[in-house]
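S.K.:
Here is the structure:
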């Protein structure tokens, strides 16, 4: 019998709410076949359920606990994550508390040896980074799910076993009122780094585990420093190692430090060790304010991925699919991109407007993204936690040079999470881009007016973007739209015109050609964006037959 | 002319001067810091030289006959 801990978790700033277990219809003898079962009500599972609901696909989300996650966990959300969260309706709520930022500082021997500002384009609604504790994101997603009749959130329900994975899935679940089995057409495992679904299938991840453990500790303290990334290299109190500090909302700071070689997690979490080290770090920065410990945990840096995120009717997303070094904010941010990539494809497969191979393209695109992230993260990891004598010597030489030789500064670059460009996606077609976003890359947001951006208008649909002097009055366009809509394909047309006075969605005025320039789009050209806002084709001249063919390719229905 | 051949073309007197200066600098760095010093020096020279291929070839050459 599964008995989740039903006492609210302790926190200095967050008020945990208990979501009591409620017996499932299956436990009263009702058998239903759910279109989608999602295991894990973390940010990725919840965002996926909300994204599926945008297409009208119902899901049941199964969560072993009866409250949101313990401790702040993921605290930095990228611009791309905010854009994805905007689509599922929680970005505005997040922005009420989140702390936006864009600068990172590397500090060695008390000197700032490198400072980097992540680029910010005034056409973007969101800043490069936003700090907010994961519990709040989960809470906002849960509240959004509760408003959504297509989503059933089952708390206190633990995944035990996958009983079937053939023309449907069947799961054995355990609850405070005993076990039951649940039938679904699809299962998405969003059950985290220790994924029970992954273990159940006996799947192994490829990649590397780096040596070295890190402590993350959240403290309540009043520090008068801006919201920026602070990385301290080789501090006197922790020789050879790296310490990170981040401001979180609600008067909390995150400290993240590497442990001396050979020290166990148990030793590291001993109060005298923990308190002594946190105080030593604060002393070094010159902070004498009182503080209290809120939460702490130990992690190791890993860079691993499953080689395939699809196993018949079981799909993996988020940490269940890959484990990435967290100091480039790559965990939740990568997972949110997974969920956004998967949602429309799964919806299309279920509703019949997309082919089965679409789900293989999910794996293709997202495994590719994970491998690219692992490659990039490897560089940062080798600098932050040198894996060998040679790497340590080079890192130390770089630190020493950094005090007087600015040319080594870029070696401190922390390479944060960014949106992956699906350049080799099987869903891409059309002409090559000379300028503007490449085929496979995400769209670029455009500021249309005060607090009005292009992405605010986009929903879960394909968008054909036409660039012209004035709106096209082409009967073929309407016919194409009607034909696609009859097949259930969500498809919209946006026209960006130089000869318009004002915006009247889906007509956008572009009198000075600013939008066209941003997209590298000449008069008469056309771009096709997928429902996840990634470009899948572009043409220098609009040709409706080619557009229709590109949509079939992007839907995995070209054969 | 590649960087490598430029280096080979260094006059004997100049090379001798570099030889002495490097030896004395290694001694000044001391056993505790000589490896760090040499690594810094390579990074500095690599940056001055600006020729990735020449540096990679020099790394290979230096690894021979250890």
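Residue numbers (this note's numbering), protein chains in the order written: chain Z, 3 to 561; chain H, 34 to 99.
Quick reminder that beta carbons are idealized off the backbone N, C-alpha and C, glycines included.
1) Would you mind stating whether residue 462 of chain Z and residue 57 of chain Z have Cβ atoms separated by less than 8 Å?
2) Is residue 323 of chain Z near residue 210 of chain Z, with beta carbons less than 8 Å apart?
3) For residue 103 of chain Z, report the span of its beta strand (DSSP E) as first-last.
4) For a quick check, are the C-beta atoms of residue 457 of chain Z and residue 98 of chain Z less than 8 Å apart?
5) Is the Cβ-Cβ distance between residue 400 of chain Z and residue 214 of chain Z less than 8 Å?
6) I'd like to confirm something about residue 523 of chain Z: is its beta-carbon nearer than 7 Å to some heavy atom of the ligand MN, or not?
7) At least one CB of chain Z closer than 8 Å to the CB of residue 68 of chain H: is that the case?
8) Give the C-beta separation of residue 74 of chain Z and residue 250 of chain Z to the nearest angstrom, bearing in mind that I take them to be a contact with Cβ-Cβ under 8 Å.
9) From this set, Z:66, Z:35, Z:345 and Z:235, which residue's C-alpha is nearest residue 199 of chain Z's C-alpha?
10) Counting pairs of beta carbons, one from the segment 287 to 299 of chain Z and one from the segment 160 to 179 of chain Z, are three or more of them closer than 8 Å?
11) My guess is that residue 540 of chain Z and residue 527 of chain Z are in contact by the Cβ rule of under 8 Å, so how many angstroms apart are they, rounded?
12) Could you give the first and the last residue of the continuous alpha helix (DSSP H) run that contains residue 355 of chain Z?
13) Residue 396 of chain Z touches chain H at which residues, Cβ-Cβ below 7 Å?
14) Would you mind listing the alpha helix (DSSP H) stretches within the segment 409 to 475 of chain Z that are 4+ residues and don't spill past its ends, in chain order?
15) Within 10 Å of its beta-carbon, does residue 294 of chain Z have 16 or more other beta-carbons around it, so buried, or fewer, so exposed?
16) With residue 37 of chain Z as the anchor, note down where its beta strand (DSSP E) starts and where it stops.
17) I need the DSSP call for residue 531 of chain Z, collapsed to helix, strand or coil.
18) Just to make sure I have the definition right: I need the residues of chain H whose C-beta is within less than 8 Å of the C-beta of residue 400 of chain Z. Which are they?
19) Starting from the C-beta of residue 100 of chain Z, find all residues in its chain whose C-beta is less than 6 Å away, skip the five residues before and the five after it, and write them out in chain order.
20) Kindly list the residues whose CB is nearer than 6 Å to the CB of residue 1 of chain Z, restricted to its own chain and excluding five residues on each side of it in sequence; keep chain order.
21) Using the Cα positions of residue 445 of chain Z and residue 82 of chain H, report the straight-line distance between them to the nearest angstrom.
22) Give me the chain A residues within the contact set of residue 407 of chain Z, using Cβ-Cβ distance strictly less than 9 Å, ordered along the chain.
23) Taking only beta-carbon atoms, is residue 410 of chain Z less than 8 Å away from chain H?
24) Are the segment 343 to 355 of chain Z and the segment 173 to 185 of chain Z touching, with three or more C-beta to C-beta distances below 8 Å?
25) As a quick exercise: from Z:40, Z:47 and Z:220, pick the residue whose alpha carbon is nearest that of residue 296 of chain Z.
26) I'd like the span of the alpha helix (DSSP H) that includes residue 80 of chain H, first residue to last.
27) Taking 8 Å as the threshold (beta carbon to beta carbon), is residue 557 of chain Z in contact with chain H?
28) Looking at C-alpha atoms only, which residue of Z:550, Z:7 and Z:403 is the closest neighbour of residue 430 of chain Z?
29) For residue 483 of chain Z, tell me which candidate among Z:41, Z:494 and Z:173 has the shortest Cα-Cα distance.
30) CB-CB under 8 Å to residue 38 of chain H, same chain, minus the five flanking residues each way: which ones, in chain order?
31) In angstroms, rounded to a whole number, what distance separates the CA positions of residue 579 of chain Z and residue 373 of chain Z?
32) Evaluate residue 141 of chain Z with the Cβ neighbour count: other Cβ atoms within 10 Å of its Cβ, from every protein chain shown; 16 or more gives buried, anything less gives exposed.
33) For residue 134 of chain Z, which residues in chain H fall below 9 Å Cβ to Cβ?
34) Measuring alpha carbon to alpha carbon, tell me which residue in Z:212, Z:261, Z:183 and Z:19 is nearest residue 382 of chain Z.
35) So that I know if they touch, is there some Cβ in chain H lying closer than 8 Å to that of residue 271 of chain Z?
36) Do you know how far the Cα of residue 311 of chain Z is from the Cα of residue 191 of chain Z?
M.R.: Considering the structure as presented:
1) yes
2) no
3) 101 to 103
4) At the C-beta level, residue 457 of chain Z and residue 98 of chain Z stay beyond 8 Å of one another.
5) no
6) Inclusion of the ligand MN in the displayed structure is not the case, the ligand content being empty and no account of it being possible.
7) It does; some Cβ of chain Z falls within 8 Å.
8) 6 Å
9) Z:66
10) Contact between the segment 287 to 299 of chain Z and the segment 160 to 179 of chain Z is absent, because fewer than three Cβ pairs lie under 8 Å.
11) 7 Å
12) That residue, residue 355 of chain Z, is in no alpha helix (DSSP H); it is neither H nor E in DSSP.
13) 72
14) 456 to 459
15) exposed
16) 35 to 41
17) Strand.
18) 76
19) 132 and 134
20) One cannot answer for residue 1 of chain Z here, as it falls past the ends of chain Z, which runs 3 to 561.
21) 40 Å
22) Any reference to chain A falls outside this structure, whose protein chains are Z and H.
23) yes
24) no
25) Z:220
26) 67 to 82 is the span of the alpha helix (DSSP H), which, as asked, contains residue 80 of chain H.
27) no
28) Z:550
29) Z:494
30) For residue 38 of chain H, the pLDDT reaches just 48, beneath the cut-off of 50, and the residue's location in the model is therefore unreliable, although a value from the coordinates is still provided. Within the same chain, residue 38 of chain H has no close Cβ partners at all.
31) Coverage of chain Z is limited to positions 3 through 561, which leaves residue 579 of chain Z absent and any answer about it impossible.
32) buried
33) What residue 134 of chain Z touches in chain H: nothing, since even the nearest Cβ is about 39 Å away.
34) Z:212
35) Contact with chain H is absent for residue 271 of chain Z, since none of that chain's Cβ atoms lies less than 8 Å from the residue's Cβ.
36) In this structure, the straight-line span from the alpha carbon of residue 191 of chain Z to that of residue 311 of chain Z is close to 10 Å.
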